[in-house]
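Trainee: Residue numbers (my numbering): -15 to 150. Where a beta carbon is used, it is the ideal one built from N, C-alpha and C, also for glycine. Sharing a structure below in structure tokens format, with a few things to ask.
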Amino acid sequence: MDNAHLYSFLDEHKIAYERHDHPPVFTCEEADQLVPCLPAAKTKNLFLCDDKGRTHFLVTMPDAKSVDLKALAGVLDIKKLRFASAKRLEKHLKIIPGAVTLLATINDDQGNVRVVLDREIDTSDAVLCHPLVNTSTLLISMDDLRRFLTTTGHEPEVIDIPQKKE
-15 MDNAHLYSFL
-5 DEHKIAYERH
5 DHPPVFTCEE
15 ADQLVPCLPA
25 AKTKNLFLCD
35 DKGRTHFLVT
45 MPDAKSVDLK
55 ALAGVLDIKK
65 LRFASAKRLE
75 KHLKIIPGAV
85 TLLATINDDQ
95 GNVRVVLDRE
105 IDTSDAVLCH
115 PLVNTSTLLI
125 SMDDLRRFLT
135 TTGHEPEVID
145 IPQKKE
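Printed below as a string of structure tokens:
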């Protein structure tokens, strides 16, 4: 998907970013190998929905964390959570698997996606985000990212995302 509208939005709202292009990455492991080491929090982004597919969530947490979906469902007061399909991802955020990012909220003009942010990410100075494609990474200050989310109508729910027990 063309991401020119994202860059225009960032520039228009004076949201500073540092762009780094790289080969396509589809996993956190690939990102560790192909994205330059940058002074910002590395994130893992999950696109989830409730069991009926009525409520959708964009969950962002540290890349090394493994989420306990059952416990997260309880925290979010949802009966059951599951991974949403690529079709739902395209419908609601207009991106493909591998490019899931907080910046995709720019495409959710209906406000159908709830943003859930791990407290550890929320307290970071800066984060790494794909700009709607998985061939670039943007370094954005957390303050600017919060402003971006607020401007797109996606005030994040900041929680301690339950971690899967080993």
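Given Ala55, which residues of its chain have a CB within under 6 angstroms of its CB, disregarding the five upstream and five downstream residues?
Mentor: Taking the first residue of the sequence shown as position 1, residue 55 is located at position 71. Same-chain partners within the cutoff: Pro146.
Trainee: Using DSSP with H/G/I as helix, E/B as strand and the rest coil, what is Leu60?
Mentor: Within the sequence shown, the letter at position 76 stands for residue 60. Here Leu60 sits in coil by DSSP.
Trainee: With C-beta atoms as the reference, is Thr135 less than 7 angstroms away from His(-3)?
Mentor: Locating residue 135 in the sequence shown gives position 151, counting from the first residue. Locating residue -3 in the sequence shown gives position 13, counting from the first residue. Yes; because the gap between Cβ atoms is below 7 angstroms, this pair is in contact.
Trainee: For my contact list, Leu101 and Pro140 are in at a C-beta cut-off of 8 angstroms; report their separation, rounded to the angstrom.
Mentor: Numbered from its first residue, the sequence shown carries residue 101 at position 117. Numbered from its first residue, the sequence shown carries residue 140 at position 156. Correct: roughly 4 angstroms between the Cβ atoms.
Trainee: Quick check on Glu2: does DSSP put it in helix, strand or coil?
Mentor: As a working mapping, residue 2 is identified with position 18 in the sequence shown. Strand at Glu2.
Trainee: Would you mind reading off the limits of the alpha helix (DSSP H) that contains Arg130?
Mentor: As a position in the sequence shown, residue 130 is number 146, starting the count at 1. From DSSP, the alpha helix (DSSP H) with Arg130 extends over Met126 to Thr135.
Trainee: Output the distance between the C-alpha atoms of Arg38 and Val51, rounded to the nearest integer angstrom.
Mentor: As a first step, residue 38 must be located in the sequence shown, where it is residue number 54. As a first step, residue 51 must be located in the sequence shown, where it is residue number 67. Near 21 angstroms, if we compare the C-alpha coordinates of Val51 and Arg38.
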